[in-house]
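Undergrad:
Residue numbers (the working numbering): 34 to 514.
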């Protein structure tokens, strides 16, 4: 292999990986100003769960008109992404028009998906004056965004081509992962006593995810279904680890064809919705005596953050309601926390696994005959740089918790805005963009992929997750109300 004459900082201003870091860190730093009492992110708009249109939009911090906040949100993120587009040598004019339309579609789907009949969980129905609902949480918005994107990508191909310059799902999801680091740090700041036990038990889930899930699913794909290495690796990461984020990170680490993580992401989202609908009711019916086990198993099984949190919220409500019928009353949120905590542990190691796969692909899979050495610098060039932003944001907030506990409350204000509405908005942008760039004519073989995914999920992942959750969480109960 010929040496490639590149500097360690090559691509810092020209690649999606690095611009995910810069975009993520920009908002991260803005959020940190809450420590000194300055709110630089309170302009962010967010959807509200609504029945009447006047409740559909909220402002995270500032006292301003919600629609004005949405306009400010659009202006700020359009400017930031256009700057990135310029340095990545995209057509900025096309990007601007395309991003504007994608932004509008994203928010329309996000707002519609938060209608109470779609999003509200059962314990909230009285609050919104409704007697029924699908209880999908944020999952409804994700599915709607993906569906609208797919309709554009497959039935309005001229329009999809027009949007293509701005439809950058990898950039958007990598930025969301940087924001996810803030979420992990925030959880670290807020975790205490009882949650320490959940954290330790959740670490076991991470071990299982990497030591058992991944090699089993990879072997299933390679040996049983004869998938190519790239397909098997991305599929194994997506279903074994943390869904779309892991699929994208793995695709970047092994330099897979761009279509592979896109198609795997589609499967992940669809199956996450199936899990969201089935698992809370199933676990409530069969594991009501082990609620924390059920929550932890949920965290290991449901492969998107949004669906996991939504499923955990539904499970929390259903299990507490069932316990109340027996005269037992638990504090709200502990079952949900067990689901989210386990998921967070798994999320934390996206970058680690991406780096391991990069090593394997450079030194083993793509090693040429007679090749004596692959420069260590090549590992750096293949390392998914957005992970650096993810780790940095996490450790900074963890450091605040350890070395400046008096600052935790102030730091949490900015952190919550960046890690929640901003992160979720970039997930929404991702799903719209995935749909826009996906052409069903390229979906040959998806029937086999869906079969592999279903077998791996329901016959491998879910049973093992339940067993491991029972081993490490058995006997743990929510605190009494």
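We put the CB at the ideal spot given by N, CA and C, even for glycine. Note that the structure is predicted; figures quoted are calculated from it, not measured.
Would you call the region 424 to 438 and the region 192 to 209 in contact, with 3 or more CB pairs under 8 Å?
TA: These segments do not touch.
Undergrad: Note down the Cα distance separating residue 378 from residue 327, rounded to an integer number of angstroms.
TA: Position 345 of the chain shown holds residue 378. Position 294 of the chain shown holds residue 327. Going by the C-alpha atoms only, they are around 16 Å apart.
Undergrad: What is the DSSP secondary structure of residue 513, reduced to helix, strand or coil?
TA: If you number the chain shown from 1, residue 513 lands on position 480. Three-state DSSP puts residue 513 in a strand.
Undergrad: Distance, Cα to Cα, residue 37 vs residue 464?
TA: For the purposes of this step, residue 37 is identified with residue 4 of the chain shown, where counting begins at 1. For the purposes of this step, residue 464 is identified with residue 431 of the chain shown, where counting begins at 1. In this predicted model, residue 37 has a pLDDT of only 49, less than 50, meaning its place in the structure is not dependable enough to derive any value.
Undergrad: Within the same chain, show all residues whose beta-carbon is closer than 6 Å to that of residue 153, passing over the 5 residues directly before and after it, in chain order.
TA: If you number the chain shown from 1, residue 153 lands on position 120. 82, 161 and 166.
Undergrad: Can you say whether residue 79 is buried or exposed, counting buried as having 16 or more other CB atoms within 10 angstroms of its CB?
TA: Counted from its first residue, the chain shown places residue 79 at position 46. With 16 or more other Cβ atoms within 10 Å, it is buried.
Undergrad: Answer yes or no: do residue 278 and residue 250 have a C-beta to C-beta separation smaller than 9 Å?
TA: Start at 1 with the first residue of the chain shown, and residue 278 comes out as number 245. Start at 1 with the first residue of the chain shown, and residue 250 comes out as number 217. No, the pair does not count as a contact, with Cβ atoms beyond the cut-off.
Undergrad: Which runs of the alpha helix (DSSP H) fall wholly inside the region 135 to 193 and span at least 4 residues, in chain order?
TA: Runs found: 149 to 152, 158 to 161 and 172 to 188.
Undergrad: Counting only runs that start and end within the region 240 to 296, where is the alpha helix (DSSP H) found for 4 or more residues in a row?
TA: Here the runs fully enclosed are 247 to 252, 262 to 270 and 277 to 287.
Undergrad: What first and last residue would you give for the beta strand (DSSP E) that runs through residue 90?
TA: As a working mapping, residue 90 is identified with position 57 in the chain shown. Looking at the DSSP string, the run of the beta strand (DSSP E) that includes residue 90 is 90 to 92.
Undergrad: Check residue 496 in the structure and name its three-state DSSP category.
TA: For this step, residue 496 is matched to residue 463 along the chain shown. Of the three classes helix, strand and coil, the one that applies to residue 496 here is helix, per DSSP.
Undergrad: May I ask you to report which of helix, strand or coil DSSP gives residue 209?
TA: Against the chain shown, residue 209 aligns to sequence position 176. Residue 209: helix per DSSP, three-state reduction.
Undergrad: I need the straight-line Cα distance from residue 158 to residue 149, nearest angstrom please.
TA: Locating residue 158 in the chain shown gives position 125, where the first residue counts as 1. Locating residue 149 in the chain shown gives position 116, where the first residue counts as 1. Computed Cα separation, rounded: 8 Å.
Undergrad: Taking residue 144 and residue 65 to be in contact with their CB atoms under 8 Å, please state how far apart those CB atoms are, rounded to whole angstroms.
TA: In the chain shown, the residue the question calls residue 144 occupies position 111. In the chain shown, the residue the question calls residue 65 occupies position 32. Not a contact, Cβ separation roughly 29 Å.
Undergrad: Taking the DSSP output, what are the residues bridged to residue 79?
TA: Here residue 79 refers to the residue found at position 46 of the chain shown. In the DSSP output, where bridge partners are listed per residue, residue 79 has 91.
Undergrad: Quick check on the DSSP output: the alpha helix (DSSP H) that includes residue 436 runs from which residue to which?
TA: Looking up residue 436 in the chain shown gives position 403. Counting along the chain, the alpha helix (DSSP H) containing residue 436 begins and ends at 419 to 436.
Undergrad: With a CB to CB cut of under 8 Å and the five nearest residues on each side skipped, what residues in its chain are close to residue 111?
TA: Position 78 of the chain shown holds residue 111. Cβ within range, chain order: 129, 132, 133 and 136.
Undergrad: Counting C-beta neighbours from all protein chains within 10 Å, is the total for residue 252 16 or more, i.e. buried, or is it exposed?
TA: What you label residue 252 is simply residue 219 of the chain shown in a count that begins at 1. Classification for residue 252: exposed.
Undergrad: Taking DSSP as the reference, what is the three-state secondary structure of residue 41?
TA: Working through the chain shown from its first residue, we reach residue 41 at position 8. DSSP places residue 41 in coil when its eight states are reduced to three.
Undergrad: Starting from residue 363, follow its DSSP beta bridges and name the residues at the other end.
TA: Sequence index remark: in the chain shown, residue 363 carries index 330 (1-based). Beta-bridge pairing links residue 363 to 513.
Undergrad: With H, G and I counted as helix, E and B as strand and the rest as coil, what does DSSP make of residue 382?
TA: Here residue 382 refers to the residue found at position 349 when the chain shown is read from its first residue. Reduced to three states, the DSSP call for residue 382 is coil.
Undergrad: Would residue 172 be called buried (16 or more neighbouring beta carbons within 10 Å of its own) or exposed?
TA: Your numbering for residue 172 matches position 139 in the chain shown. Residue 172 should be labelled buried.
Undergrad: From residue 351 to residue 397, what does the alpha carbon distance come to, in whole angstroms?
TA: Against the chain shown, residue 351 aligns to sequence position 318. Against the chain shown, residue 397 aligns to sequence position 364. Approximately 49 Å between the Cα atoms of the pair.
Undergrad: Assign residue 86 to one of two classes, buried (16 or more other C-beta atoms within 10 Å of its C-beta) or exposed (fewer than that).
TA: Locating residue 86 in the chain shown gives position 53, where the first residue counts as 1. Exposed.
Undergrad: Would you grab the beta carbon distance between residue 461 and residue 174 for me? Rounded to a whole angstrom, and I think it's under 8 Å.
TA: Translated into the one-based positions of the chain shown, residue 461 becomes position 428. Translated into the one-based positions of the chain shown, residue 174 becomes position 141. Between residue 174 and residue 461 the Cβ distance is about 6 Å, and since that is below 8 Å, they are a contact.
Undergrad: For residue 336, which three-state DSSP category applies?
TA: Position 303 of the chain shown, counted from the first residue, corresponds to residue 336. Three-state DSSP puts residue 336 in coil, outside helix and strand.
Undergrad: Would you give the residue range spanned by the alpha helix (DSSP H) that residue 99 belongs to?
TA: As a working mapping, residue 99 is identified with position 66 in the chain shown. Residues 99 to 120.
Undergrad: Closest by CA to residue 121, which one among 318, 374, 368 and 46?
TA: To locate residue 121, count along the chain shown from 1; it is residue 88. Closest by alpha carbon: 46.
Undergrad: Buried or exposed, going by whether 16 or more other CB atoms sit within 10 Å of the CB of residue 313?
TA: What you label residue 313 is simply residue 280 of the chain shown in a count that begins at 1. Residue 313 should be labelled buried.
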